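Asks: For reference, each letter of the sequence shown is one residue, going 1344 to 1616 in this note's numbering.
Built from N, CA and C at the ideal position, the CB exists for glycine as well.
Please read all numbers here as calculations on a predicted model, not as lab measurements.
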Amino acid sequence: MKIKDHFLSQEIFEIKEIETKGVYKTSPVPSDISRYYESEDYISHHQDSGSLKEKLYKFLQSFNLQYKKNILIDRIKKGSRVLDYGCGAGEFVKYIETDFETFGFEPDADARKAAEGKIAKAIILNDIRKIENQSLDAITLWHVFEHIENQDEMLNIFHTKLKEKGLLIIAVPNPTSYDAQHYKEYWAAYDVPRHIYHFSKNGMENLISKKPNWKMRKIKPLVLDAYYISMLSEKYKKSPLFWLKAMIYGTISNIKALFSNEFSSLIYIIEKK
């Protein structure tokens, strides 16, 4: 499938299935991929601008933050050590730092500075090697894993940093959801070339099943993502009444997913063996 970078460059990329069935990779991966993040509108790193899109994002984010925090609270003790890998401007780190001993990793200097300006006691790092081996109870990657090209290497590093039976929590978009099938090449969560990999539900299960040191424990939905992704997709299509259409198709996607479990985004809770 050929996909345009609707967000920034307008360049065309191709998505191809790799050897792991259900996992797809963007081709080509630009050697200078950092320039594809150079926009004030890039949602992970921006500051408050007051735009309508950002206000909606912040509104949905408040619900998602509590939902994500509850996933941790249900599975690890208060005061446990948690790393948010790819923490962006630090919203999740800030949200959980009163309940856990919290670390954030962020390679982008501007985003790291923004995160440091929000937190009270969490530690923001630019090098994961600074974290002691077998010291973490959980590592979270909220829409970050799809950006990582050297995934096998990073899975090994995460395994080294986690305690026995520690949790790796990965949230990624699902290209086999209804909204992805509906919007096709306009589906905003393809986000090429920033999203290097794309994981169907079966694809992520296949990937983890090939890793002898990991065990899939639970898969949970990110229900609100369907609305935000649909809104962006409608905007890429230059649709009139994009708000209304996003609500309609996001709702249809979530209703269908109640039966298929193919939600717009999925959270994979993976345990270290």
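Three-state secondary structure (DSSP) at Ser1370?
Replies: In the sequence shown, residue 1370 corresponds to position 27, counting from 1. Looking at Ser1370 - three-state DSSP - the assignment turns out to be strand.
Asks: How would you call Lys1411, buried or exposed, if buried means at least 16 neighbouring beta carbons within 10 angstroms?
Replies: In the sequence shown, counting from the first residue as 1, residue 1411 sits at position 68. Looking at its Cβ environment, which holds 16 or more other Cβ atoms inside 10 Å, Lys1411 is buried.
Asks: Would you kindly work out how many angstroms separate the C-alpha atoms of His1388 and Asn1499, rounded to a whole number?
Replies: Taking the first residue of the sequence shown as 1, we reach residue 1388 at position 45. Taking the first residue of the sequence shown as 1, we reach residue 1499 at position 156. Confidence at His1388 is low in this model, with a pLDDT of 47, below 50, so its placement is unreliable and no value can be given for it.
Asks: Out of Pro1516, Phe1350, Trp1485, state which residue places its alpha-carbon closest to the alpha-carbon of Asn1407.
Replies: In the sequence shown, residue 1407 corresponds to position 64, counting from 1. Of Pro1516, Phe1350, Trp1485, the residue nearest in Cα terms is Trp1485.
Asks: Is Glu1440 closer than 7 Å to Lys1464 when the C-beta atoms are compared?
Replies: Position 121 of the sequence shown holds residue 1464. Position 97 of the sequence shown holds residue 1440. Cβ distance < 7 Å, so Lys1464 and Glu1440 count as in contact.
Asks: Give every residue of the same chain whose Cβ lies closer than 6 Å to the Cβ of Ser1573, excluding the five residues on either side of it in the sequence, and list them in chain order.
Replies: The residue labelled residue 1573 in the question sits at position 230 within the sequence shown. For Ser1573, where only same-chain residues beyond five positions count, the Cβ hits under 6 Å are Asp1522, Ala1589, Tyr1592, Gly1593.
Asks: Hey, could you find the ends of the beta strand (DSSP E) Ile1513 is sitting in?
Replies: Residue 1513 sits at position 170 when you count from the first residue of the sequence shown. It spans 1505-1516 - the beta strand (DSSP E) in which Ile1513 sits, taken as one unbroken run.
Asks: What does the alpha-carbon distance come out to for the pair Ser1608 and Lys1398?
Replies: Here the question's residue 1608 lines up with position 265 in the sequence shown. Here the question's residue 1398 lines up with position 55 in the sequence shown. Distance between the alpha carbons of Ser1608 and Lys1398 is about 21 Å.
Asks: Let me know if Lys1437 comes out buried or exposed under the rule of 16 or more other beta-carbons within 10 Å of its beta-carbon.
Replies: Indexing the sequence shown from 1 puts residue 1437 at position 94. So Lys1437 counts as buried.
Asks: Could you compute how far the alpha carbon of Ala1452 sits from the alpha carbon of His1490?
Replies: Reading the sequence shown from its first residue, position 109 is the one you call residue 1452. Reading the sequence shown from its first residue, position 147 is the one you call residue 1490. Using only the alpha carbons, I get a separation of about 17 Å.
Asks: On the DSSP bridge list, what partners appear for Tyr1579?
Replies: For this step, residue 1579 is matched to residue 236 along the sequence shown. None; Tyr1579 has no bridge partner.
Asks: Could you tell me which of Lys1553, Ser1405, Ile1512 sits nearest to Leu1415, measuring between CA atoms?
Replies: As a first step, residue 1415 is located in the sequence shown; it is residue number 72 there, counting from the start. It is Ile1512.
Asks: The alpha helix (DSSP H) that contains Glu1459, what's its start and end?
Replies: Within the sequence shown, residue 1459 is the residue found at index 116, counting from 1. Its alpha helix (DSSP H) spans residues 1452-1459.
Asks: From Pro1516 to Ser1382, what distance separates their C-alpha atoms?
Replies: For the purposes of this step, residue 1516 is taken as residue 173 along the sequence shown, with counting starting at 1. For the purposes of this step, residue 1382 is taken as residue 39 along the sequence shown, with counting starting at 1. Distance between the alpha carbons of Pro1516 and Ser1382: 21 Å.
Asks: Looking only at its chain, what residues have a beta carbon closer than 7 Å to the beta carbon of Pro1450, apart from the 5 residues adjacent to it on each side?
Replies: Translated into the one-based positions of the sequence shown, residue 1450 becomes position 107. Once the five neighbours on either side are set aside, the close Cβ partners of Pro1450 are Asn1469.
Asks: Mapping DSSP to helix, strand and coil, what is Phe1622?
Replies: Only positions 1344 to 1616 of the chain appear in this structure, which leaves residue 1622 out of reach.
Asks: With a CB to CB cut of under 6 Å and the five nearest residues on each side skipped, what residues in its chain are close to Asp1427?
Replies: For the purposes of this step, residue 1427 is taken as the residue at position 84 of the sequence shown. Closer than 6 Å at Cβ, skipping near neighbours: Phe1435, Val1436, Gly1447, Thr1483.
Asks: Distance check for His1502 and His1349, CA to CA, integer angstroms please.
Replies: Counted from its first residue, the sequence shown places residue 1349 at position 6. Counted from its first residue, the sequence shown places residue 1502 at position 159. Roughly 35 Å between the two C-alpha positions.
Asks: Per DSSP, which residues does Glu1444 bridge with? Please list them.
Replies: In the sequence shown, counting from the first residue as 1, residue 1444 sits at position 101. Beta-bridge pairing links Glu1444 to Arg1424.
Asks: Would you mind stating whether Glu1605 and Ser1552 have Cβ atoms separated by less than 7 Å?
Replies: Translated into the one-based positions of the sequence shown, residue 1605 becomes position 262. Translated into the one-based positions of the sequence shown, residue 1552 becomes position 209. Cβ distance not < 7 Å, so Glu1605 and Ser1552 don't count as in contact.
Asks: From the DSSP output, in three-state form, read off Ile1598 for me.
Replies: What you label residue 1598 is simply residue 255 of the sequence shown in a count that begins at 1. Ile1598 falls in the helix class under three-state DSSP.
Asks: Is there contact between the stretch 1562-1581 and the stretch 1531-1548, where contact requires at least three CB pairs shorter than 8 Å?
Replies: Cβ pair count under 8 Å is three or more, so yes.
Asks: Could you tell me which of Leu1565, Lys1580, Ala1458, Asn1556 sits nearest to Ala1632, measuring between CA atoms?
Replies: Nothing about residue 1632 can be read from this structure; the chain reaches only from 1344 to 1616.
Asks: Among Val1566, Lys1368, Tyr1367, Tyr1526, which one has its Cα closest to the Cα of Lys1581?
Replies: Your numbering for residue 1581 matches position 238 in the sequence shown. When only C-alpha atoms are compared, the closest one is Tyr1526.
Asks: How far does the alpha helix (DSSP H) with Phe1350 in it extend, from its first residue to its last?
Replies: Here residue 1350 refers to the residue found at position 7 when the sequence shown is read from its first residue. Taken as a continuous stretch (DSSP letters only), Phe1350 belongs to no alpha helix (DSSP H), as it is neither H nor E.
Asks: Tell me, which residues are paired with Thr1483 by DSSP?
Replies: Against the sequence shown, residue 1483 aligns to sequence position 140. DSSP lists Asp1427, Ile1512 as partners of Thr1483.
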